[in-house]
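Here the sequence shown is numbered in the numbering used here, starting from 69 and rising by one per residue. Glycine included, C-beta positions come from ideal geometry on N, C-alpha and C.
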Amino acid sequence: MAVAHKTIIKRITAIGDKKIFVLYFLLLVCSFLHAEDGYELWLRYKPVSDAAVLASYKQKITSIQLNGNSPTLQVIKEELSLAFPGLLKTTVPYVSDFRNGTILIGTPSASSTIKSLGLDSRLNAAGEEGYLIVSKTINGKSCIVITGNSDKGVLYGVFAFLRLLQTQQSIQSLNIASAPLIKLRLLNHWDNLNRTVERGYAGFSIWNWHTLPGYIDQRYKDYARANASIGINGSVLTNVNANATVLTASYLEKVAALANVFRPYGIKVYLTARFSAPVELGRLHTADPLNDTVQQWWKDKVKEIYTLIPDFGGFLVKANSEGQPGPQNYGRTHADGANMLADAVAPYKGIIMWRAFVYSNEVPDDRHKQAYNEFVPLDGKFRPNVMVQVKNGAIDFQPREPFHPLFGAMPKTPLMMEFQVTQEYLGQGTSMAYLAPYFKECLESDTYSNGKGSTVAKIIDGSTQSYSITGMAGVANIGNDINWCGHPFAQANWYSLGRLAWNHELASDQIADEWLRMTFTNDKQFVTAAKSMMMASREIMANYMTPIGLHHIMGTGHHYGPAPWVKLARADWSPVYYHKADSAGIGFNRTATGSNAIGQYFPGARTQWENPATADERYLLWFHHLPWTWKMSDGRTLWDELCHKYNSGVDSVRWMQKTWDAQQSKIDNQRFQQVKMLLAIQQDEAVWWRNACLLYFQTFSKMRIPDQYEKPDKSLEYYMQLRFPFAPGN
Ligand code: BDP
69 MAVAHKTIIK RITAIGDKKI FVLYFLLLVC SFLHAEDGYE LWLRYKPVSD AAVLASYKQK
129 ITSIQLNGNS PTLQVIKEEL SLAFPGLLKT TVPYVSDFRN GTILIGTPSA SSTIKSLGLD
189 SRLNAAGEEG YLIVSKTING KSCIVITGNS DKGVLYGVFA FLRLLQTQQS IQSLNIASAP
249 LIKLRLLNHW DNLNRTVERG YAGFSIWNWH TLPGYIDQRY KDYARANASI GINGSVLTNV
309 NANATVLTAS YLEKVAALAN VFRPYGIKVY LTARFSAPVE LGRLHTADPL NDTVQQWWKD
369 KVKEIYTLIP DFGGFLVKAN SEGQPGPQNY GRTHADGANM LADAVAPYKG IIMWRAFVYS
429 NEVPDDRHKQ AYNEFVPLDG KFRPNVMVQV KNGAIDFQPR EPFHPLFGAM PKTPLMMEFQ
489 VTQEYLGQGT SMAYLAPYFK ECLESDTYSN GKGSTVAKII DGSTQSYSIT GMAGVANIGN
549 DINWCGHPFA QANWYSLGRL AWNHELASDQ IADEWLRMTF TNDKQFVTAA KSMMMASREI
609 MANYMTPIGL HHIMGTGHHY GPAPWVKLAR ADWSPVYYHK ADSAGIGFNR TATGSNAIGQ
669 YFPGARTQWE NPATADERYL LWFHHLPWTW KMSDGRTLWD ELCHKYNSGV DSVRWMQKTW
729 DAQQSKIDNQ RFQQVKMLLA IQQDEAVWWR NACLLYFQTF SKMRIPDQYE KPDKSLEYYM
789 QLRFPFAPGN
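Have a look at this one:
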């Protein structure tokens, strides 16, 4: 670039035309101005592009009346001083009176005017965190009121108002009320203290533990802004594979510094608790949860934490899973372990999120069944401040999984959702996979636990089984890459997690629409095209990775790329354990004649999968082992259907490439090129998945790849010898 630039300057100088020189210089400035690195996420606050809309906004927004002076009000002020000049190309003054176009902001307790507006019953419904945005005539002046019962609610209202402007919606007569359906809306960072991120594909951890607490990186604040803008109210800072060091005094000071940054944005910090910390840090000889000294150790530790961080949220715990210590090391149950910690945090209103992601190679049963078998008998045995955190599916965030059978099966225990935002099994950092449809597929699944309509969403939002606390967490995809998430479109998954945790009834395409408008442009043609790519992207990936219910056939350890041939000493980590391909057919029989994992679902839910002839074919091989010649509903044999799905996945990636190429003039060149390059990588990966899987499964089916499809240009041996020793996130 620099070389090309020099050459052009030389040529212009040779021509000696000043006008051309000035023109070139201006073009250069414009192209730099136009370059976007993605750091600003969906909070870019670029000028409203539609002239008529801009004119109407200028009329409706002439002044701000801010009531109150808490730290949260202060951050509202800071946000508005970024947003209004950016969007409206003019500064908006603060006033204490009312004018046409005054934006009146604050709680009713901070403003007697707001109190007198007759909004009481609607404010009651808004709860602690909800907000109202309403057009009102005050003293004969036409104003917009943004209010809530707490400053935090007001902050959410302000961000919602800014979203209206960023997406160029009408603000002529506003009457919006919104309250979150779920109380705890959290990110789980799988960040290690050495700044590597487990399953992170966007660089290193944004937490710079070495320079904390003295150095407060601007990123911490921007992270809080982004989260508050989508309603996220908690952050678990550390990896579930926990390191006890974070509980030492010097690290707790660092945690407290982050908590101080996040507090005005309504975000609490949480930590992961390593169950053996009393042994590792406290030099006790045991971490037995029923031991008095151990209990006291945790109580003292918790007191130390709350002294530094009075609003500390609590602990997330992975215990007795994948080598992590836990209560079972001492012959105790998960409830014993969780309750011991729950008792320690209860006086401070802290909570314990105990993960249900447990399975063991020692247990001979199908891994799919193990969490249910362990946890269902414990229903009713947990303290009220314990939540059991359940992954969306029983195996592990696969491209498509049936919902976890625990949802609906523990009516006396608040279950919270754990989604994975980072795309461990969905193309990692190189692929476009928009996850809102994935999240919604699980949330909308009917558990039938309380009859028809007991969807997973209604379980976790507490409406079916009246939980007192409710939660949804997403394993974060954030790192220190300049654009936070690596792939420019991965930001949409962070965004979706927050929006759906606030309101799981939002439609995926609406979320995509608003994210695209704020992140790229309001240009209609671009939004339509990019949205169609996003909406199709996850299904495309399921087609070229794990169609028809296949699962867990990825590379070992790093989980990058296909490796269905792998057979390890640990069966439950081996792809062959999950696909069970042989000369007779392919798939995992989880019906009554097999592992009977299907028996863990309520009868109403089971029927969609039970009979292979009528089953939802997207899950066919998840529940059934079927012959290669099995007739699919479209008349193809199972083998031909596999060939068809893998090929349609590849074709669709090529369609995404074409669709994207047509957008070049619509957005900044920097992000256009980034996505273009990534789509090319994704195309290669799709071909790799298709070829490797079809060649491998063909060794069992012994059937031809039908003529109409592209033939693999490399051998199975070639794919089997590929190694990725430095693949990220491992
Ligand atoms: C798996 C990840 C592993 C995590 C584990 C977990 O591969 O890195 O530690 O889940 O959720 O998906 O505990």
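Item                                                                                                                                                                               : Value
On a CA-only basis, which of Leu790, Ala193, Gln496, Gly519 is nearest isoleucine 749? Give me that one, please.                                                                   : Gln496
Just to confirm, is the Cβ distance from leucine 200 to glycine 216 under 8 Å?                                                                                                     : yes
Ordered along the chain, which non-local residues of its own chain (more than five positions away) have a Cβ less than 7 Å from that of proline 556?                               : Gly106, Arg739, Gln742, Val743
Leaving aside the five residues before and after lysine 220 along the sequence, list all residues of the same chain whose C-beta is less than 7 Å from its C-beta, in chain order. : Thr140, Glu197, Gly334
Cβ of aspartate 464 versus every heavy atom of the ligand BDP: is any distance shorter than 7 Å?                                                                                   : yes
In the structure shown, what three-state DSSP assignment does leucine 101 receive?                                                                                                 : Per-residue confidence for leucine 101 stands at a pLDDT of 43, beneath the threshold of 50, marking its modelled position as unreliable; the derived number appears in the next sentence. Reduced to three states, the DSSP call for leucine 101 is helix.
Enumerate in chain order the residues of its own chain whose CB-to-CB distance from glutamine 396 is below 7 Å, with the five nearest sequence positions on each side excluded.    : Asn388
Run the CB neighbour count on phenylalanine 792, radius 10 Å, all protein chains shown included, and call it buried at 16 or more, exposed below.                                  : exposed
Is DSSP giving methionine 540 helix, strand or coil here?                                                                                                                          : strand
Find the nearest neighbour of alanine 294 within the set Tyr563, His572, Thr624, Ala673, judged by alpha-carbon distance.                                                          : Tyr563
Say the cut is 7 Å; is the CB of lysine 386 nearer than that to a heavy atom of the ligand BDP?                                                                                    : yes
Tell me, please, whether the CB atom of threonine 587 is closer than 8 Å to any CB atom in chain C?                                                                                : Among the chains in the structure shown there is no chain C, since it carries only a single protein chain.
Valine 116 by DSSP, collapsed to three states: which one?                                                                                                                          : coil
What separation, rounded to the nearest whole angstrom, lies between the Cα atoms of leucine 254 and valine 644?                                                                   : 35 Å
If you follow the alpha helix (DSSP H) that cysteine 761 is part of, which residue opens it and which one closes it?                                                               : 737-769
Does the Cβ of valine 308 lie closer than 7 Å to at least one heavy atom of the ligand BDP?                                                                                        : yes
So does serine 389 have its beta carbon nearer than 7 Å to some heavy atom of the ligand BDP?                                                                                      : yes
Looking at C-beta atoms only, is the number of pairs between the region 517-530 and the region 290-310 that lie closer than 8 Å three or more?                                     : no
Looking at C-alpha atoms only, which residue of Met478, Val413, Ala660, Ile420 is the closest neighbour of asparagine 441?                                                         : Met478
If we call anything under 8 Å between Cβ atoms a contact, is asparagine 679 one with tyrosine 777?                                                                                 : no
What does a CB cutoff of less than 8 Å around lysine 779 pick up in its chain, not counting 5 residues either side in sequence?                                                    : Ile773
According to DSSP, is cysteine 711 part of a helix, a strand, or is it coil?                                                                                                       : helix
Does glutamine 438 come out as helix, strand or coil in the three-state DSSP assignment?                                                                                           : helix
Taking methionine 312 as the reference, which of Ala296, Asn328, Asn260, His692 has the closest Cα?                                                                                : Correcting the residue identity first, residue 312 is alanine in this sequence and not methionine. Among Ala296, Asn328, Asn260, His692, the Cα nearest to that of alanine 312 belongs to Asn260.
Measuring CA to CA, which of Thr181, Leu280, Met586 is closest to leucine 111?                                                                                                     : Met586
Indicate, with yes or no, if the ligand BDP has a heavy atom lying under 7 Å from the CB of glutamate 469.                                                                         : no
For isoleucine 419, list the residues DSSP reports as bridge partners.                                                                                                             : Gly382
Reducing DSSP to helix, strand and coil, say where lysine 449 ends up.                                                                                                             : coil
Is there contact between the region 485-496 and the region 452-471, where contact requires at least three CB pairs shorter than 8 Å?                                               : yes
Helix or strand or just coil, what does DSSP make of aspartate 577?                                                                                                                : helix
Could you check whether the Cβ of arginine 435 sits closer than 7 Å to any heavy atom belonging to the ligand BDP?                                                                 : no
Secondary structure at arginine 567, three-state DSSP: helix, strand or coil?                                                                                                      : helix
When the distance is taken between beta carbons, is threonine 170 closer than 8 Å to serine 131?                                                                                   : yes
Below 7 Å CB to CB, which residues in the same chain sit around aspartate 581 once its five sequence neighbours on both sides are set aside?                                       : Val595, Lys599
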